[in-house]
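Asks: Take a look at this one; I'll ask things after.
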Amino acid sequence: MPETFVAEPRETLGKRVAVMRRGGVIPGNIFGRGIPSTAVQLPERDVRRIITGHGLNTLFELEVAGERVPRSVVVRAVQRHPVSKALQHVDFYQVDLGRRMQAAVPIHVIGEAPAVHTYKALLLHGVDNVLVEALPAQMPTHIDVSVDGLAELESVMTVADLVLPAGVIVLTSPDVVLARMARQRGTTAEAAEGAAATPAAAT
224 MPETFVAEPR ETLGKRVAVM RRGGVIPGNI FGRGIPSTAV QLPERDVRRI ITGHGLNTLF
284 ELEVAGERVP RSVVVRAVQR HPVSKALQHV DFYQVDLGRR MQAAVPIHVI GEAPAVHTYK
344 ALLLHGVDNV LVEALPAQMP THIDVSVDGL AELESVMTVA DLVLPAGVIV LTSPDVVLAR
404 MARQRGTTAE AAEGAAATPA AAT
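Read in order, the letters of the sequence shown are residues 224 to 426 in this note's numbering.
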């Protein structure tokens, strides 16, 4: 079951919102397809828990005081102060559990590329996230990309190589690079091949 948080309807608007923030309460809005926007407020500690535990894609329940049924939502946007980075505002998107949604999902590079040791190559990361489509309950918080198979110089992993969870479709172009191996600056092809051959020569 999704985690549940409680929000209060918000009547404080305009400049008075700054006073509310100083009191440890963060303003927010709930919006969604075909529903009116609803102004709410939550304790700052709960907003931090939501951001830390759920990010921008994970489904959770938001109980708004006075409403009989909790709302199924995801965090759509978080606003912070440009200097202090203090929380300023949070937007929640109310989802239709039976309707597929799109979201940018972070890429987590994991594993160890053999080419780093064999050729002293550099592992270069590509895009930070990919656009995917899934039902709200199936939307991943991130997608792991293993580089264990990058054994040769100039070997590449692209979006086409992604292993996706059930029910998830990637919309980003399949030829977009996620990770690739590159020679270190100043390293020639002959030197790289010599580094690869050194262990064999030692035996």
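For each residue, glycine too, the CB sits at the ideal point set by N, CA and C. Note that the coordinates shown come from a computational prediction; the quantities given were computed from them, not determined experimentally.
With a CB to CB cut of under 6 Å and the five nearest residues on each side skipped, what residues in its chain are close to residue 371?
Replies: Here residue 371 is taken as the residue at index 148 of the sequence shown, counted from 1. Closer than 6 Å at Cβ, skipping near neighbours: 334.
Asks: On the CB-based measure, 16 or more other CB atoms within 10 Å of its CB, does residue 236 come out buried or exposed?
Replies: Here residue 236 corresponds to residue number 13 of the sequence shown, with the count starting at 1. Classification of residue 236: exposed, given that the 10 Å Cβ count is below 16.
Asks: I'd like to know whether the C-beta atoms of residue 348 and residue 405 end up nearer to each other than 7 Å.
Replies: As a working note, residue 348 is residue 125 in the sequence shown. As a working note, residue 405 is residue 182 in the sequence shown. Cβ atoms of residue 348 and residue 405: not closer than 7 Å.
Asks: Considering only residues of the segment 308-386, which uninterrupted alpha helix (DSSP H) runs meet the minimum length of 4 residues and lie entirely inside it, listed in chain order?
Replies: Listed in chain order, the complete alpha helix (DSSP H) runs (minimum 4 residues) inside the segment 308-386 are 337-341.
Asks: Based on DSSP bridge pairs, tell me the residues matched to residue 287.
Replies: Counted from its first residue, the sequence shown places residue 287 at position 64. 230, per the DSSP bridge assignment.
Asks: Buried or exposed: residue 276, going by 16 or more other Cβ atoms within 10 Å of its Cβ?
Replies: The residue you call residue 276 lines up with position 53 of the sequence shown. The residue is exposed, with fewer than 16 neighbouring Cβ atoms inside 10 Å.
Asks: Report the rounded CA-to-CA distance for residue 273 versus residue 337, giving the unit in angstroms.
Replies: As a first step, residue 273 is located in the sequence shown; it is residue number 50 there, counting from the start. As a first step, residue 337 is located in the sequence shown; it is residue number 114 there, counting from the start. Residue 273 and residue 337: Cα-Cα distance of roughly 38 Å.
Asks: Where residue 297 and residue 377 are concerned, what is the direct C-alpha to C-alpha distance, given to the nearest angstrom?
Replies: Here residue 297 is taken as the residue at index 74 of the sequence shown, counted from 1. Here residue 377 is taken as the residue at index 154 of the sequence shown, counted from 1. Residue 297 and residue 377: Cα-Cα distance of roughly 39 Å.
Asks: List the DSSP bridge partners of residue 302.
Replies: Residue mapping note: residue 302 aligns to position 79 of the sequence shown, counting from 1. Answer is 312.
Asks: Buried or exposed: residue 270, going by 16 or more other Cβ atoms within 10 Å of its Cβ?
Replies: In the sequence shown, the residue the question calls residue 270 occupies position 47. Under this definition residue 270 is a buried residue.
Asks: For residue 283 versus residue 225, is the C-beta spacing smaller than 7 Å?
Replies: In the sequence shown, the residue the question calls residue 283 occupies position 60. In the sequence shown, the residue the question calls residue 225 occupies position 2. Yes, Cβ-Cβ distance for residue 283 and residue 225 is below 7 Å.
Asks: Got a sec? Which residues, its chain only, sit under 6 Å from residue 279 by beta carbon, not counting five neighbours each side?
Replies: Start at 1 with the first residue of the sequence shown, and residue 279 comes out as number 56. Same-chain partners within the cutoff: 298.
Asks: Can you check which of these residues, 285, 392 and 281, is closest to residue 263 by C-alpha distance?
Replies: Position 40 of the sequence shown, counted from the first residue, corresponds to residue 263. Of the listed residues, the one whose Cα sits closest to residue 263 is 285.
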